[in-house]
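Here's the structure we're looking at; comments come further down.
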Amino acid sequence: MALQDLAQSPFRVVDEINQGMDPRNERMVHERMVDIACQERTSQYFLVTPKLLTGLKFHPKMKVHVINSGEHVPDSSTLQGDWNLSEMAKVALTTRIRVS
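Going by this note's numbering, 32 is the number at position 50 of the sequence shown; the sequence numbering is gapless.
Laid out in structure tokens, this is it:
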């Protein structure tokens, strides 16, 4: 992030910048990224991460896209009605697979 002003780019992809961070530093880095990404005349940012903390700062200019696909997403037949994220979270917690 410190060197980004040295090279012009229409967009930047930040992949799992929060990997291995404690919650305090993750919040600090996320807030800094939001500040940088939402400035006038800056690159478009894509943050790719499998998880985010709750209660993070978001800017009105930001758009959040959540991708619900993959082998660990509950089968839609186990969910009632349409894609209900709250219900999906409950199912995911009961069918969580431990990765070692």
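Where is the CB? At the ideal position from N, CA and C, for every residue including glycine. From a predicted model like this one, the values you see are computed outputs, not experimental measurements.
{"Query": "As assigned by DSSP and simplified to three states, the class of residue 6", "Result": "helix"}
{"Query": "Exposed unless 16 or more other CB atoms sit within 10 angstroms - verdict on residue 8", "Result": "buried"}
{"Query": "Integer-rounded CB distance, given that residue -7 should sit under 8 Å from residue 26", "Result": "4 Å"}
{"Query": "Candidates 15, 6, 10, 4: closest to residue -5 by CA position", "Result": "15"}
{"Query": "Residues that residue 40 bridges to, as DSSP identifies them", "Result": "Residue 40 pairs with nothing; no bridge assigned."}
{"Query": "Nearest to residue 131 (by Cα), restricted to the options 75, 13, 52", "Result": "Residue 131 falls outside the range modelled here, since the chain spans only -17 to 82, and no answer is possible."}
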